[in-house]
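Trainee: Let me give you the structure first, and then I'll get to my questions.
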Ligand SMILES: Nc1nc2c(ncn2[C@@H]2O[C@H](COP(=O)(O)OP(=O)(O)OP(=O)(O)O)[C@@H](O)[C@H]2O)c(=O)[nH]1
Ligand SMILES: [Mg+2]
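Numbering (our numbering), first residue to last: 47 to 408.
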C-alpha cells in the first residue's frame, strides 16, 4: 500500500500529553485543555480599551503609558519625544504584542475630553454612539448570510473613566456619565493625576467615590452580580476595595538606580509609574491584561452586547432612547419586519370577503 492510500489513524496522544500506560479507565478528557490552548495560541487575543474623561486629565498620556509599559515595551519602536496634543476626535491605536508565543492585539480608543463647554448636556452622546456602533457592526456581521469564520471584534471591552483629582466628591457630570456608560460597557474608574494628592487625601477620595458609586447605583467592573463562585468573589472583593485606582501617567523614560523607568520627574524626585509604592497604574494594567482580560471580554459578549442585540430586536421601530440613537440598519430591519406583517394582514383582510363570496356562490 502506498503512503497516500494508507488509512489515516491519528495519533490519539497529542504533543505534550502524558502517557497513561495501562490505566484503561483514563478517557483523556483533560487533553481538551491542551487542544484549547493550541487553538487560542493560533488565533491570538484581542482587547479593546477606551479612555474617557474630562479634558486634560491625562487620557492620551495614560494610553501611551500602557503601550510603553511592560505590556508592550518590546513591541514599541522608540519614537522621538514630543508633546501630546489635545485629542479632538475619537481615535483607535493598535499594537500587536507577542510574549512567549502568545499574540495579542491591544487597541486603545482615545476620546476627546469633555467638560470644556458651558453647557455640557449630552456630552456622553458621541461616546455612547461609538460604543453602540461597534455593537451594531458586530451584529451586522453576525446576521450576515456569508458571515466570516471569525468576526472582527471592534466592541469596546472596557472603558477607563478618568475622575478629576479634586479630593472632594464626584461631580454630577461624572455621576451621570458613569451611570449611562455602566449600562452599556464595563467601566473601570481611575483617579487621574493621582500625584497631585497626598496619601491621606487619596485614601479619603477613594472611599468617598466608592460610597457615591454605591449610592448612585453605578455598577463598575468587576460587577458583583457576575461573580461566578466564592473564589471569584474573594478575588473580586479585593479589587472592589481598591477601586478607583489612583493612577499617574507618563510616556517619558528616566534612569533611576541604573534602571530605565517610566516616570514623572519633579523637583523633589521622580514618580515611577510602574512602582506600586508610588501609584496604582500597575494594578490597573494587571487587571486589564494579566488577571481579568478574558472575563472582561466574556461580560462584554454575554451581557452588554447581548443586551444591545435583544433590545434592538425587541423594540418596535427601533425605539432607542435619545442618547443611543437608532442605527439605520436596526431601524431598517425592524421597519422591514413591520412592513411584511402589514402585507400579511392586508392579504388576510382581502381573503376573508373573497371566501364569503365564493361560499355564497357555491
Ligand atoms: N501631574 C500629572 N500630569 C499629567 C499626568 N498625566 C498627564 N499629565 C499631563 O497633563 C496634560 C494633559 O495630558 P493629556 O494626556 O493630553 O490629557 P487628555 O486627557 O488626553 O486631554 P484631552 O485630549 O484634551 O482630553 C499634559 O501636560 C500631561 O503631561 C499625571 O498623571 N500627573
Ligand atoms: Mg487626549
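For glycine and all other residues, C-beta sits at the position ideal for the given N, C-alpha and C.
Within 10 angstroms of its Cβ, does residue 353 collect 16 or more other Cβ (buried), or is it exposed?
Mentor: Residue mapping note: residue 353 aligns to position 307 of the chain shown, counting from 1. With fewer than 16 other Cβ atoms within 10 Å, it is exposed.
Trainee: Can you grab the Cα-Cα spacing for the pair residue 198 / residue 275, in whole Å?
Mentor: Locating residue 198 in the chain shown gives position 152, counting from the first residue. Locating residue 275 in the chain shown gives position 229, counting from the first residue. Each residue's alpha carbon lies about 31 Å from the other.
Trainee: State the DSSP-derived secondary structure class of residue 298, mapped to helix, strand or coil.
Mentor: Residue numbering aside, residue 298 sits at position 252 when the chain shown is read from its first letter. Reduced to three states, the DSSP call for residue 298 is coil.
Trainee: Quick one: residues in its chain with C-beta nearer than 8 Å to the C-beta of residue 340, no 5 flanking neighbours on either side, listed in chain order?
Mentor: Mapped onto the chain shown, residue 340 falls at position 294. The answer is none, since no qualifying residue turns up.
Trainee: For residue 140, is the classification buried or exposed, using 16 other Cβ atoms within 10 angstroms of its Cβ as the cut-off for buried?
Mentor: As a position in the chain shown, residue 140 is number 94, starting the count at 1. Classification of residue 140: exposed, given that the 10 Å Cβ count is below 16.
Trainee: Using C-beta distances below 6 Å, list every residue in its chain close to residue 110, excluding the 5 sequence neighbours before and after it, in chain order.
Mentor: On the chain shown, residue 110 is found 64 positions in, with the first residue counted as 1. Answer for residue 110: 297, listed in chain order.
Trainee: Which residues does DSSP pair with residue 160 in a beta bridge?
Mentor: The count along the chain shown starts at 1 and reaches residue 160 at position 114. Note: residue 160 sits in a beta bridge opposite 100.
Trainee: Pull up the distance between the alpha-carbon of residue 205 and that of residue 81, whole angstroms please.
Mentor: If you number the chain shown from 1, residue 205 lands on position 159. If you number the chain shown from 1, residue 81 lands on position 35. Cα to Cα, residue 205 sits roughly 32 Å from residue 81.
Trainee: In this structure, how does DSSP classify residue 292 when only helix, strand and coil are distinguished?
Mentor: Translated into the one-based positions of the chain shown, residue 292 becomes position 246. Reduced to three states, the DSSP call for residue 292 is strand.
Trainee: Bridge partners of residue 310, per DSSP?
Mentor: Position 264 of the chain shown holds residue 310. For residue 310, which the question treats as bridged, DSSP gives the partners 317.
Trainee: Kindly identify the DSSP beta-bridge partner or partners of residue 140.
Mentor: Within the chain shown, the letter at position 94 stands for residue 140. 153.
Trainee: Can you tell me which of the three DSSP states residue 335 falls into?
Mentor: Position 289 of the chain shown, counted from the first residue, corresponds to residue 335. Note: residue 335 maps to helix in three-state DSSP.
Trainee: Of the choices 87, 200, 104 and 350, whose alpha-carbon is the least far from that of residue 144?
Mentor: To locate residue 144, count along the chain shown from 1; it is residue 98. Checking every option, the nearest Cα to that of residue 144 belongs to 87.
Trainee: Locate the beta strand (DSSP E) running through residue 189, then write down its first and last residues.
Mentor: Taking the chain shown and counting its residues from 1, the one referred to as residue 189 is at position 143. Run containing residue 189: none in the beta strand (DSSP E); it sits in the alpha helix (DSSP H), 171 to 189.
Trainee: Is residue 70 helix, strand or coil when you go by DSSP?
Mentor: Here residue 70 refers to the residue found at position 24 when the chain shown is read from its first residue. If DSSP states are grouped into helix, strand and coil, residue 70 belongs with coil.
Trainee: Quick one: is residue 358 buried, meaning 16 or more other Cβ sit within 10 Å of its Cβ, or exposed?
Mentor: For the purposes of this step, residue 358 is taken as the residue at position 312 of the chain shown. Per the 10 Å Cβ criterion, buried.
Trainee: How would you label residue 100, buried or exposed, when you count the other beta carbons within 10 angstroms and need 16 or more for buried?
Mentor: The residue you call residue 100 lines up with position 54 of the chain shown. Flag for residue 100 reads buried.
Trainee: In its own chain, which residues sit with a C-beta less than 6 Å from the C-beta of residue 136, not counting the 5 before and 5 after it?
Mentor: Here the question's residue 136 lines up with position 90 in the chain shown. Hits under 6 Å: 157 and 176.
Trainee: Report yes if the CB atom of residue 234 is closer than 9 Å to the CB atom of residue 266, and no otherwise.
Mentor: Counted from its first residue, the chain shown places residue 234 at position 188. Counted from its first residue, the chain shown places residue 266 at position 220. Yes, the Cβ-Cβ distance between residue 234 and residue 266 is below 9 Å.
Trainee: Answer yes or no: the CB of residue 106 versus the heavy atoms of ligand 2, is any distance below 8 Å?
Mentor: Numbered from 1 along the chain shown, position 60 holds the residue referred to as residue 106. Yes, the beta carbon of residue 106 sits closer than 8 Å to at least one heavy atom of ligand 2.
Trainee: Quick one: is the Cβ of residue 159 within less than 8 Å of any heavy atom of ligand 2?
Mentor: Position 113 of the chain shown holds residue 159. Yes, the Cβ of residue 159 comes within 8 Å of a heavy atom of ligand 2.
Trainee: Do three or more CB pairs link the segment 217 to 226 to the segment 238 to 250 at distances below 8 Å?
Mentor: Contact between the segment 217 to 226 and the segment 238 to 250 is not established, with fewer than three Cβ pairs separated by less than 8 Å.
Trainee: Do you know whose CA, among 336, 293, 166 and 96, lies nearest residue 219's CA?
Mentor: The residue given as residue 219 occupies position 173 in the chain shown. Sorting 336, 293, 166 and 96 by C-alpha distance to the C-alpha of residue 219 places 166 at the top.
Trainee: Using 8 Å as the cut-off, classify the Cβ of residue 132 as near or not near the heavy atoms of ligand 2, replying yes or no.
Mentor: Taking the first residue of the chain shown as position 1, residue 132 is located at position 86. At least one heavy atom of ligand 2 falls within 8 Å of the beta-carbon of residue 132.
Trainee: Please state whether DSSP places residue 168 in a helix, a strand or coil.
Mentor: Looking up residue 168 in the chain shown gives position 122. Here residue 168 sits in coil by DSSP.
Trainee: Report buried or exposed for residue 74, applying the criterion of at least 16 other Cβ atoms within 10 angstroms of its Cβ.
Mentor: Translated into the one-based positions of the chain shown, residue 74 becomes position 28. Its Cβ having fewer than 16 others within 10 Å, residue 74 is exposed.
Trainee: Just to confirm, does residue 277 get its C-beta within under 8 Å of one of the non-hydrogen atoms of ligand 2?
Mentor: Position 231 of the chain shown, counting from 1, holds the residue named residue 277. Answer for residue 277: no, Cβ out of range of ligand 2.
Trainee: Could you round the C-beta distance between residue 346 and residue 232 to whole angstroms and report it? I think they count as a contact, below 8 Å.
Mentor: In the chain shown, counting from the first residue as 1, residue 346 sits at position 300. In the chain shown, counting from the first residue as 1, residue 232 sits at position 186. Separation of the CB atoms of residue 346 and residue 232 is rounded to 6 Å, and the pair is thereby assigned contact status at 8 Å.
Trainee: Leaving out five residues before and five after residue 411 in sequence, what residues of the same chain have Cβ atoms less than 6 Å from its Cβ?
Mentor: A query on residue 411 cannot be resolved here, the shown segment of the chain reaching from 47 to 408 and no further.
Trainee: In angstroms, rounded to a whole number, what distance separates the CA positions of residue 356 and residue 201?
Mentor: What you label residue 356 is simply residue 310 of the chain shown in a count that begins at 1. What you label residue 201 is simply residue 155 of the chain shown in a count that begins at 1. Distance between the alpha carbons of residue 356 and residue 201: 16 Å.
Trainee: Would you mind working out which of 102, 115, 154 and 112 sits nearest residue 130, comparing C-alpha positions?
Mentor: Within the chain shown, the letter at position 84 stands for residue 130. Measuring from the Cα of residue 130, the nearest candidate turns out to be 102.
Trainee: I'd like to check one pair, residue 183 with residue 208: are the Cβ atoms closer than 9 Å?
Mentor: Numbered from its first residue, the chain shown carries residue 208 at position 162. Numbered from its first residue, the chain shown carries residue 183 at position 137. No, Cβ-Cβ distance for residue 208 and residue 183 is not below 9 Å.
Trainee: Just checking residue 183 against ligand 1 - is the residue's beta carbon closer than 8 Å to any of the ligand's heavy atoms?
Mentor: Here residue 183 corresponds to residue number 137 of the chain shown, with the count starting at 1. Because no heavy atom of ligand 1 lies under 8 Å away, the Cβ of residue 183 does not count as near it: no.
Trainee: With 16 other CB atoms within 10 Å as the buried threshold, where does residue 261 fall?
Mentor: Position 215 of the chain shown holds residue 261. Exposed is the call here.
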